[in-house]
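**Student:** Numbering-wise (this note's numbering), the sequence shown opens with residue 759 and increments by one.
Before I ask anything, let me first share the structure, which is written out below as structure tokens.
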Amino acid sequence: MATRTIEHWIGGTETSGASTRRAQVWDPAEGRAQAEVVLAERADVDAAVAAAKKAFESWRGVSLTRRARIMFAFRDLVERNLDTLAGIVSDEHGKVFSDAKGEVIRGMEVVEFACGIPQLLKGEYSEQVSTDVDAYSFRQPLGVCAGITPFNFPVMVPMWMHPMAIATGNTFVLKPSERDPSASNLIAQLYAEAGLPEGVFNVVHGDKLAVDALLDHVDVAAVSFVGSTPIAKYVHNRASENGKRVQALGGAKNHAVVLPDADLEFAANHITAAGYGSAGQRCMAISVVVAVGDAGDALVAKLRDKAEAVHVGPGRDEASDMGPVVTPEARHRIVGYVDRGVEAGATLVVDGRGLVVDGRENGFFVGPCLFDRVTTDMDVYTDEIFGPVLVVLRADTFDEAIDIVNANPYGNGTAIFTSSGQAAQKFQRHVNVGMIGINVPIPVPMAFYSFGGWKDSLFGDTHIHGPEGVRFYTQAKAITSRWPDVEYGAHHRAHLHFP
Ligand code: NAD
759 MATRTIEHWI GGTETSGAST RRAQVWDPAE GRAQAEVVLA ERADVDAAVA AAKKAFESWR
819 GVSLTRRARI MFAFRDLVER NLDTLAGIVS DEHGKVFSDA KGEVIRGMEV VEFACGIPQL
879 LKGEYSEQVS TDVDAYSFRQ PLGVCAGITP FNFPVMVPMW MHPMAIATGN TFVLKPSERD
939 PSASNLIAQL YAEAGLPEGV FNVVHGDKLA VDALLDHVDV AAVSFVGSTP IAKYVHNRAS
999 ENGKRVQALG GAKNHAVVLP DADLEFAANH ITAAGYGSAG QRCMAISVVV AVGDAGDALV
1059 AKLRDKAEAV HVGPGRDEAS DMGPVVTPEA RHRIVGYVDR GVEAGATLVV DGRGLVVDGR
1119 ENGFFVGPCL FDRVTTDMDV YTDEIFGPVL VVLRADTFDE AIDIVNANPY GNGTAIFTSS
1179 GQAAQKFQRH VNVGMIGINV PIPVPMAFYS FGGWKDSLFG DTHIHGPEGV RFYTQAKAIT
1239 SRWPDVEYGA HHRAHLHFP
């Protein structure tokens, strides 16, 4: 059988351009390659940026109502293709189909927000700031914007970026993850069907070479990156050195603090879902539980029962709660962490290392793993494992739990489980984390807020989508205006002193 090849989408057409290198795209549930994706050379990035630059000349002048209408049409097409998009995600990423649908819907919500662009881009006006002088401001697009995205949300994370960039009048070059690239090409087709002019949205597939070409390209005005912390830092530094505006979202180690007054059944249910959903491959996954005081033993017993009840299988099987991890390397890395956790002396309460799924013996499956009595010096705690591994730390007091959260270098999300409003208020005030859940395990802000962590989870100062997304993709102009009335002799004298 001929291997399917996934090509770039440049200037409205699919092309392999100058690319000769290829990467294989896995079917993680079967454990075999299902397609190849072309890997861009610099010439391909140049071609995509040139197409976007050319399209910017006219797109920036397209009326706000027309831009909004295209977004409405695109949103409608995304909804009509929901199952197809979710299927592609499930097949290449491995996550279960219902989870993949959820991701597409959360992405679509950003498109819905972008449909309100005429309202969002309203400027300010002050009459008579000085005698017969008015002042006003408005925001203009930047030009060609680039998005570089991770494998774990191949539809949603790019949608945090491109609807906002495009609705605000920019053109866009997306470099999606090479591990699950197909969804981006369907998105490009849907934009075209929605009436978006050629060259406004482009997709370049590739690896470090493509990323570096974007970071160095003189015609790229801004870069949005989402991925692991070391690469986020690198992208932030290199793009900033090249004078670009950049927001780079990194990795995470999200803690759930469980107080003894919490409903432990509720907490255990939600922590299990947040820890093992998508096989732990979410930047907002709960990967650490800090059990305070008496909560510990009862909570661990419940977490054990629930982890053991998670049904692992192919993403397309409706009976599956959790699918495989994305690649054999990911599986190897995750199992290695569990091995080292055991060696370091943590108690392995649930061991998913040996899990084999019937009929899918080659799939990249790892069952849920649960560690108890983990300490902050063990690498199962210090590192982002990005797999279905939940670690429990014990804290004697609430203050100690807050100190643990704050000592961690990541600051993406965190959650508290409690029945005390006072404790929740103390938590939200004192944790140094960007997104906080109160009895909500995965506090991903809705599309009309902005998403972003603190500390090593975000480099740059702008969060993504929502109001901060509008600001990131635009620059403000402030105008001071006077129309002297010559006829009536209102000849204002000019002074040499500062007015
Ligand atoms: P990754 O950092 O390996 O890759 C992200 C992107 O960077 C990909 O497009 C990849 O091709 C590119 N890339 C990889 N290595 C590179 C290099 N050396 N130089 C230049 N570019 C490079 O991340 P991943 O494994 O695809 O995704 C998982 C990571 O993303 C996790 O750390 C997760 O926490 C993080 N993530 C963060 C958020 C957030 O909002 N903070 C959201 C989703 C995922």
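All C-beta atoms, glycine included, are put in the ideal place defined by N, C-alpha and C.
Computed from a predicted structure; not experimentally measured.
How do the region 1007-1024 and the region 1156-1170 stand: do at least 3 beta-carbon pairs fall below 8 Å, yes or no?
**Tutor:** Yes, the region 1007-1024 is in contact with the region 1156-1170.
**Student:** Short check: CB of G1210 to CB of L1216, under 7 Å?
**Tutor:** For the purposes of this step, residue 1210 is taken as residue 452 along the sequence shown, with counting starting at 1. For the purposes of this step, residue 1216 is taken as residue 458 along the sequence shown, with counting starting at 1. Closer than 7 Å, so yes.
**Student:** Give a yes or no on whether the C-beta atoms belonging to V1124 and V1084 are separated by under 7 Å.
**Tutor:** By 1-based counting over the sequence shown, the position of residue 1124 is 366. By 1-based counting over the sequence shown, the position of residue 1084 is 326. No, these two residues do not count as a Cβ contact at 7 Å.
**Student:** Quick one: what's got a C-beta closer than 7 Å to V869's C-beta in the same chain, skipping five residues either side?
**Tutor:** Position 111 of the sequence shown, counted from the start, is the residue given in the question as residue 869. For V869, where only same-chain residues beyond five positions count, the Cβ hits under 7 Å are M829, F832, R833, V836, M917, P921.
**Student:** Quickly, what does DSSP pair Y894 with across the bridge? List them, please.
**Tutor:** Along the sequence shown, read from residue 1 onward, the residue named residue 894 stands at position 136. Y894 pairs with Y883, I1237.
**Student:** Go ahead and pull the three-state DSSP assignment for R1268.
**Tutor:** The requested residue 1268 does not occur in the structure, where the chain is confined to residues 759 to 1257.
**Student:** Does any heavy atom of ligand 1 sit closer than 6 Å to the C-beta of A1032?
**Tutor:** Working through the sequence shown from its first residue, we reach residue 1032 at position 274. Every heavy atom of ligand 1 is 6 Å or more from the Cβ of A1032, so no.
**Student:** Do you know how far the Cα of A826 is from the Cα of A872?
**Tutor:** Translated into the one-based positions of the sequence shown, residue 872 becomes position 114. Translated into the one-based positions of the sequence shown, residue 826 becomes position 68. So the two alpha carbons sit approximately 7 Å from each other.
**Student:** Which same chain residues, not among the five before or five after F855, have their C-beta less than 8 Å away from its C-beta?
**Tutor:** Locating residue 855 in the sequence shown gives position 97, counting from the first residue. Excluding positions up to five away in sequence, the list reads A844, G845, S848, G1073, R1074, E1076.
**Student:** What do you reckon, are the CB atoms on V969 and S942 nearer than 7 Å?
**Tutor:** Taking the sequence shown and counting its residues from 1, the one referred to as residue 969 is at position 211. Taking the sequence shown and counting its residues from 1, the one referred to as residue 942 is at position 184. Contact: no.
**Student:** Pick out whichever of F1122, L1113, D1135, K1011 has its Cα sitting closest to the Cα of L1148.
**Tutor:** By one-based count along the sequence shown, residue 1148 stands at place 390. When only C-alpha atoms are compared, the closest one is K1011.
**Student:** Below 7 Å between beta carbons: does that hold for I1237 and Y949?
**Tutor:** One-based indexing of the sequence shown puts residue 1237 at position 479. One-based indexing of the sequence shown puts residue 949 at position 191. Cβ atoms of I1237 and Y949: not closer than 7 Å.
**Student:** Taking the C-alpha atoms as reference points, what is the distance between L967 and R800?
**Tutor:** In the sequence shown, residue 967 corresponds to position 209, counting from 1. In the sequence shown, residue 800 corresponds to position 42, counting from 1. Using only the alpha carbons, I get a separation of about 7 Å.
**Student:** Among all the DSSP beta bridges, which residues are the ones paired with Q1183?
**Tutor:** Counting from 1 along the sequence shown, the entry for residue 1183 is found at position 425. Paired residue(s): none; Q1183 is not in a bridge.
**Student:** For G881, which residues from the same chain have a beta carbon less than 8 Å from its beta carbon, with the 5 sequence-adjacent residues on both sides left out?
**Tutor:** Taking the first residue of the sequence shown as 1, we reach residue 881 at position 123. So the list reads Y894, S895, F896, R897, once near-sequence residues are dropped.
**Student:** Could you work out which residue in Y1095, E885, A787 is closest to G1145 when comparing CA atoms only?
**Tutor:** Locating residue 1145 in the sequence shown gives position 387, counting from the first residue. Taking only the C-alpha atoms, the option nearest G1145 is Y1095.
**Student:** At 3 residues or longer, what runs of the beta strand (DSSP E) sit wholly inside the region 980-1052?
**Tutor:** Here the runs fully enclosed are 1003-1007, 1012-1016, 1044-1050.
**Student:** Determine contact between the region 1035-1053 and the region 1193-1201, defined as no fewer than three beta-carbon pairs at a distance below 8 Å.
**Tutor:** Touching, yes, given that three or more Cβ pairs across the two stretches are closer than 8 Å.
**Student:** Measuring CA to CA, which of G1099, G1038, D1130, K811 is closest to L1061?
**Tutor:** Reading the sequence shown from its first residue, position 303 is the one you call residue 1061. The residue with the shortest Cα to Cα distance from L1061 is D1130.
**Student:** Pull up the distance between the alpha-carbon of V1108 and that of E1066, whole angstroms please.
**Tutor:** To locate residue 1108, count along the sequence shown from 1; it is residue 350. To locate residue 1066, count along the sequence shown from 1; it is residue 308. Taking the straight line joining both Cα atoms gives about 7 Å.
**Student:** Per DSSP, what kind of secondary structure is I828 in: helix, strand or coil?
**Tutor:** One-based indexing of the sequence shown puts residue 828 at position 70. DSSP places I828 in helix when its eight states are reduced to three.
**Student:** Does the beta carbon of L1007 fall short of 6 Å from some heavy atom of ligand 1?
**Tutor:** Taking the first residue of the sequence shown as position 1, residue 1007 is located at position 249. Yes; taking the cut-off as 6 Å, the Cβ of L1007 has a heavy atom of ligand 1 nearer than that.
**Student:** Between the beta-carbon of L822 and the beta-carbon of I875, is there less than 7 Å?
**Tutor:** Locating residue 822 in the sequence shown gives position 64, counting from the first residue. Locating residue 875 in the sequence shown gives position 117, counting from the first residue. Result yes, Cβ atoms of L822 and I875 sit closer than 7 Å.
**Student:** Decide if Y883 is buried, meaning its Cβ has at least 16 other Cβ atoms within 10 Å, or exposed.
**Tutor:** Along the sequence shown, one-based indexing puts residue 883 at 125. Classification for Y883: exposed.
**Student:** By the DSSP assignment, the alpha helix (DSSP H) with G1099 in it spans what residues?
**Tutor:** Working through the sequence shown from its first residue, we reach residue 1099 at position 341. Where G1099 is concerned, the enclosing alpha helix (DSSP H) stretches over 1086-1101.
**Student:** Just the C-alpha distance for A1059 and W767, rounded to the nearest angstrom, thanks.
**Tutor:** What you label residue 1059 is simply residue 301 of the sequence shown in a count that begins at 1. What you label residue 767 is simply residue 9 of the sequence shown in a count that begins at 1. Cα to Cα, the separation comes out at about 51 Å.
**Student:** When the Cβ atoms of the region 1172-1181 are set against those of the region 1017-1026, are three or more pairs found closer than 8 Å?
**Tutor:** Yes: at least three Cβ pairs fall under 8 Å.
**Student:** Taking 6 Å as the cut-off, is the CB of P908 close to at least one heavy atom of ligand 1?
**Tutor:** In the sequence shown, the residue the question calls residue 908 occupies position 150. Result yes, Cβ under 6 Å from ligand 1.
**Student:** Name the DSSP beta bridge partners of H975, please?
**Tutor:** Here residue 975 corresponds to residue number 217 of the sequence shown, with the count starting at 1. Its beta-bridge partners do not exist; DSSP assigns none.
**Student:** Could you check if V1068 is buried or exposed, using at least 16 other CB atoms within 10 Å of its CB as the buried criterion?
**Tutor:** Taking the first residue of the sequence shown as position 1, residue 1068 is located at position 310. Buried.
**Student:** Let's test the definition: count the other Cβ atoms within 10 Å of the Cβ of R937 and tell me whether it reaches 16, buried, or not, exposed.
**Tutor:** By one-based count along the sequence shown, residue 937 stands at place 179. Classification for R937: buried.
**Student:** What residue does the beta strand (DSSP E) around M753 start on, and which one ends it?
**Tutor:** Missing from the structure shown is residue 753; the chain here goes from 759 to 1257 and no further.
**Student:** Any chance the CB of S1036 is under 6 Å from a heavy atom of ligand 1?
**Tutor:** Counting from 1 along the sequence shown, the entry for residue 1036 is found at position 278. Because no heavy atom of ligand 1 lies under 6 Å away, the Cβ of S1036 does not count as near it: no.
**Student:** Do you know offhand how far V915's Cα is from T907's?
**Tutor:** Here the question's residue 915 lines up with position 157 in the sequence shown. Here the question's residue 907 lines up with position 149 in the sequence shown. Distance between the alpha carbons of V915 and T907 is about 7 Å.
**Student:** Between the C-alpha atoms of N1027 and K1064, what's the straight-line distance to the nearest angstrom?
**Tutor:** Against the sequence shown, residue 1027 aligns to sequence position 269. Against the sequence shown, residue 1064 aligns to sequence position 306. The alpha-carbon atoms of N1027 and K1064 are separated by roughly 7 Å.
**Student:** Would you decide whether P988 is buried or exposed? Buried here means 16 or more other CB atoms lie within 10 Å of its CB.
**Tutor:** The residue given as residue 988 occupies position 230 in the sequence shown. Classification of P988: exposed, given that the 10 Å Cβ count is below 16.
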